[in-house]
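The working numbering numbers the first residue of the sequence shown as 293 and each following residue consecutively. One structure below.
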Amino acid sequence: MLQNTFIHIPRISRNAETSLWKSGVHSWNDFLCRQSSIQLPDSKKSLIIENLHESMDALKKKRYEHFSRMPSNQHWRLYNELKDKVCFLDIETTGLSKHYNDITLIGIHSSEGSKIFMNGKNLEKFENELKKYSMIITFNGRCFDIPFIRQKFPDVKIDQYHADLRFMMAELGFRGGLKSIELQRGIRRDKELDGVDGFEAVRLWHKYQRGDNSSLETLKKYLTADIENLKPLMDKAVVELKQKNFYDIL
Numbered sequence: 293m294l295q296n297t298f299i300h301i302p303r304i305s306r307n308a309e310t311s312l313w314k315s316g317v318h319s320w321n322d323f324l325c326r327q328s329s330i331q332l333p334d335s336k337k338s339l340i341i342e343n344l345h346e347s348m349d350a351l352k353k354k355r356y357e358h359f360s361r362m363p364s365n366q367h368w369r370l371y372n373e374l375k376d377k378v379c380f381l382d383i384e385t386t387g388l389s390k391h392y393n394d395i396t397l398i399g400i401h402s403s404e405g406s407k408i409f410m411n412g413k414n415l416e417k418f419e420n421e422l423k424k425y426s427m428i429i430t431f432n433g434r435c436f437d438i439p440f441i442r443q444k445f446p447d448v449k450i451d452q453y454h455a456d457l458r459f460m461m462a463e464l465g466f467r468g469g470l471k472s473i474e475l476q477r478g479i480r481r482d483k484e485l486d487g488v489d490g491f492e493a494v495r496l497w498h499k500y501q502r503g504d505n506s507s508l509e510t511l512k513k514y515l516t517a518d519i520e521n522l523k524p525l526m527d528k529a530v531v532e533l534k535q536k537n538f539y540d541i542l
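Take a look at the structure:
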């Protein structure tokens with residue numbers, strides 16, 4: 293999808309991008325090959341051509357920061373290019389308030405596997421893990437996980453591209469929480485996790501603090517399912533969003 297994208301270029305809106313697509317200019321190469329026949333003011337055309345050459349060079353050299361002007365709700369377009377530098381992130385907390393509650397666990401899943409960082413043991417080490425990645429995938433992370441982390445770790449730099457599956461799935465017509473959408477997508481969790489939700493996760497943490505180590509293991513399995521199930525959701529959502537936002541309007 294990245295090489296079909298023009299909205300990272302200054303003065304190119306979603307409507308302008310859609311107009312280009314509908315006129316038959318479907319990619320960067322299309323624009324450069326057909327530039328003489330494209331009906332745009334010369335100044336705007338020159339701006340686009342300059343930026344496209346810069347974009348092609350940035351893509352070749354893997355300088356993905358070049359695309360930082362892309363609207364945040366369109367960061368999913370970078371997913372296929374960044375797959376080796378993507379992580380799936382979720383947190384568990386003692387409640388919903390970033391001001392009054394604490395983070396108990398942070399889970400990060402990537403091509404390297406799943407890693408869990410735990411309050412009271414190694415929670416702060418998640419920062420070094422996060423630095424490895426150029427893109428973060430969450431479910432409702434824009435509203436919950438990332439603000440919570442920033443409140444508790446104000447010095448941690450979180451400037452990666454961020455795709456939030458809650459809003460991506462809503463655009464595709466799916467409503468509800470992560471577990472509900474997993475079921476709608478045919479993703480099943482282990483029977484052991486039946487009935488475990490966010491509220492139960494809080495209870496499991498408190499049970500662990502009272503000495504029940506099995507509760508901690510269940511909580512870790514629950515978090516691992518959260519982060520690992522984000523990947524198949526993302527893989528499919530990106531395909532369907534490209535169909536909806538690109539192929540269906542050509």
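Every residue, glycine too, gets a C-beta built ideally from N, C-alpha and C.
Given residue i as reference, the closest of the options once Cα atoms are compared
i: D376; options: S403, M461, T385 and R361; result: S403
i: Y356; options: S389, S315 and L294; result: L294
i: T510; options: I438, L496, D451 and R442; result: L496
i: V530; options: L312, K424, A455 and S338; result: A455
i: L422; options: D451, F440 and T385; result: D451
i: N537; options: F440, S507, S389 and N307; result: N307
i: K449; options: L324, F418 and K336; result: F418
i: D437; options: Y425, L339, T396 and G412; result: T396
i: Q443; options: F431, T385, K424 and T430; result: T385
i: V494; options: L508, E484 and A462; result: L508
i: W320; options: S305, S311, K336 and I341; result: I341
i: C379; options: D334, N420 and S506; result: N420
i: W368; options: R502, I304, M427 and S305; result: M427
i: G490; options: Q501, K512 and R477; result: K512
i: L533; options: L464, D504 and R477; result: L464
i: R303; options: Y500, K336 and C325; result: K336
Three-state secondary structure (DSSP) of residue i
i: M362; result: coil
i: L388; result: coil
i: I340; result: helix
i: M410; result: strand
i: P446; result: coil
i: N296; result: helix
i: F491; result: helix
i: V530; result: helix
i: R306; result: helix
i: D504; result: coil
i: S347; result: helix
i: L332; result: coil
i: N432; result: coil
i: R458; result: helix
i: D437; result: helix
Residues near residue i in its chain [Cβ-Cβ closer than 6 Å; skip 5 each side]
i: G399; result: D382, I408, L515 and I519
i: Y371; result: V530
i: N521; result: E474 and I479
i: P446; result: none
i: S350; result: The identity of residue 350 in the sequence shown is Ala, whereas the question assumes Ser. Once the five neighbours on either side are set aside, the close Cβ partners of A350 are H358.
Those residues which DSSP pairs with residue i across a bridge
i: Y453; result: M427
i: D382; result: G399
i: G405; result: S402
Neighbourhood of residue i by C-beta distance below 7 Å, restricted to the same chain and skipping five residues each side
i: P363; result: I299
Status (buried if at least 16 other CB within 10 Å, exposed otherwise) for residue i
i: E416; result: exposed
i: R458; result: buried
i: Q366; result: buried
i: S347; result: buried
i: G433; result: buried
i: L470; result: buried
i: A462; result: exposed
i: L388; result: exposed
Cutoff 8 Å; reference residue i; Cβ partners in own chain excluding five residues on either side
i: W313; result: N296, F538, I541 and L542
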